[in-house]
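Going line by line, the protein sequences match chains A and B. Just so you know, our numbering puts 111 at position 111 of the first sequence, and the rest follows in order with no gaps. Numbers in our numbering are just positions in the second sequence, counted from 1, shifted up by 113.
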Amino acid sequence: KQEVTQIPAALSVPEGENLVLNCSFTDSAIYNLQWFRQDPGKGLTSLLLIQSSQREQTSGRLNASLDKSSGRSTLYIAASQPGDSATYLCAVSSEGSQGNLIFGKGTKLSVKP
Amino acid sequence: KAGVTQTPRYLIKTRGQQVTLSCSPISGHRSVSWYQQTPGQGLQFLFEYFSETQRNKGNFPGRFSGRQFSNSRSEMNVSTLELGDSALYLCASSLARAGVSEQYFGPGTRLTVT
């Protein structure tokens, strides 16, 4: 049974700092991995999707990497801003169940001005 | 292009009642998935519909059901509500083509059961 873990559960950093969020999964037979952000009481905003054949994806100040063999992904945020404060969630899907995302519990990020 | 919409946004129901939630996917998306989010359990998959057929189902009791219409809009129904059903219910849509499976989420429906 696939399990997704995100460490740390919470993180507080000063504005401008570069930071890394971690995600690990127990079954390496994934179809893709998706990173989301969620603001309090809101839905999820898709940040990056990495197909299982890819190693990384970049969007603006965000870079996500995937190492399937070790069951790990990282989300790198450069030059953090207060507007980056949110909960970041990682989710994986498996072949044949692409519509079923298995989520980690998230990392709650706070960026202090 | 309009995003995923969910109605209603907020709902208060009494234990024992039933409720129906609605989700309209992004135009052209054929897959709709439903998730339940609670502080204790996090996000959990309920079911996925594709071309009006349930394609995958999570580990929830039979009180939770859904359907999808020919225009890809989807509804989920919860019967005999329990206090523990209080949660944020999120739906997501996807093109669901090979290599194009990114899910886009709606704002959610906040259900409170009293």
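The beta-carbon is built from N, C-alpha and C at its ideal position, and this holds for glycine as well. Source: prediction; values computed, not measured.
Next on the checklist: Assess contact between the region 183-190 of chain B and the region 69-89 of chain A, defined as three or more Cβ pairs (one per stretch) separated by less than 8 Å. Is contact present?
Outcome noted: no
Checklist entry - So B:Y148 and B:L208 are in contact, right, with Cβ under 8 Å, and what is the actual spacing, rounded? => result For the purposes of this step, residue 148 of chain B is taken as the residue at position 35 of the second sequence. For the purposes of this step, residue 208 of chain B is taken as the residue at position 95 of the second sequence. So it is not a contact: roughly 18 Å between Cβ atoms.
Item to check | Beta-carbon proximity list for B:S214, same chain, < 6 Å, skipping 5 on both sides | outcome: Within the second sequence, residue 214 of chain B is the residue found at index 101, counting from 1. These residues qualify, in order along the chain: S207.
Checklist entry - How far does the beta strand (DSSP E) with A:L89 in it reach, from first residue to last? => result Here residue 89 of chain A refers to the residue found at position 89 of the first sequence. 86-94 is the extent of the beta strand (DSSP E) around A:L89.
Checklist entry - Considering only C-alpha positions, which residue in the set B:V117, B:K126, B:R180, B:S140 is nearest to B:L159? => result Within the second sequence, residue 159 of chain B is the residue found at index 46, counting from 1. Out of B:V117, B:K126, B:R180, B:S140, B:R180 has the C-alpha closest to the C-alpha of B:L159.
Item to check | C-beta neighbour in chain A for B:S291, strict 8 Å | outcome: Absent from the structure is residue 291 of chain B, since the part of chain B shown begins at 114 and ends at 227.
Checklist entry - At a CB-CB cut-off below 8 Å, which residues of chain A make contact with B:L203? => result What you label residue 203 of chain B is simply residue 90 of the second sequence in a count that begins at 1. Neighbours of B:L203 on chain A, chain order: G43, L44.
Next on the checklist: Quick check: the Cα distance between A:Q34 and B:R128, rounded to an integer number of angstroms?
Outcome noted: What you label residue 34 of chain A is simply residue 34 of the first sequence in a count that begins at 1. What you label residue 128 of chain B is simply residue 15 of the second sequence in a count that begins at 1. Roughly 35 Å between the two C-alpha positions.
Checklist entry - Less than 8 Å separating the beta-carbons of A:L66 and A:E56? => result Counting from one through the first sequence, the residue named residue 66 of chain A turns up at place 66. Counting from one through the first sequence, the residue named residue 56 of chain A turns up at place 56. Contact flag set, yes.
Item to check | C-beta contact flag for B:S135 and B:A115 at 8 Å | outcome: Translated into the one-based positions of the second sequence, residue 135 of chain B becomes position 22. Translated into the one-based positions of the second sequence, residue 115 of chain B becomes position 2. Not closer than 8 Å, so no.
Checklist entry - Since A:F103 meets chain B, which of its residues come closer than 7 Å, beta carbon to beta carbon? => result By 1-based counting over the first sequence, the position of residue 103 of chain A is 103. The contacting residues are G155, L156.
Item to check | Below-8 Å beta-carbon distance, B:Q149 vs any chain A residue | outcome: Counting from one through the second sequence, the residue named residue 149 of chain B turns up at place 36. Chain A, which has no Cβ nearer than 8 Å to the Cβ of B:Q149, makes this no.
Item to check | 7 Å CB neighbourhood of B:L196 in its chain, flanking five on each side removed | outcome: The residue given as residue 196 of chain B occupies position 83 in the second sequence. Same-chain partners within the cutoff: R128, V226.
Item to check | C-alpha distance - B:T133 paired with A:G16, whole-angstrom precision | outcome: The count along the second sequence starts at 1 and reaches residue 133 of chain B at position 20. The count along the first sequence starts at 1 and reaches residue 16 of chain A at position 16. Taking the straight line from one Cα to the other gives about 45 Å.
Item to check | B:G129: contacting residues in chain A (beta-carbon distance under 7 Å) | outcome: Counted from its first residue, the second sequence places residue 129 of chain B at position 16. What B:G129 touches in chain A: nothing, since even the nearest Cβ is about 27 Å away.
Checklist entry - For the region 116-127 of chain B against the region 152-167 of chain B, are there 3 or more C-beta pairs whose distance is under 8 Å? => result no
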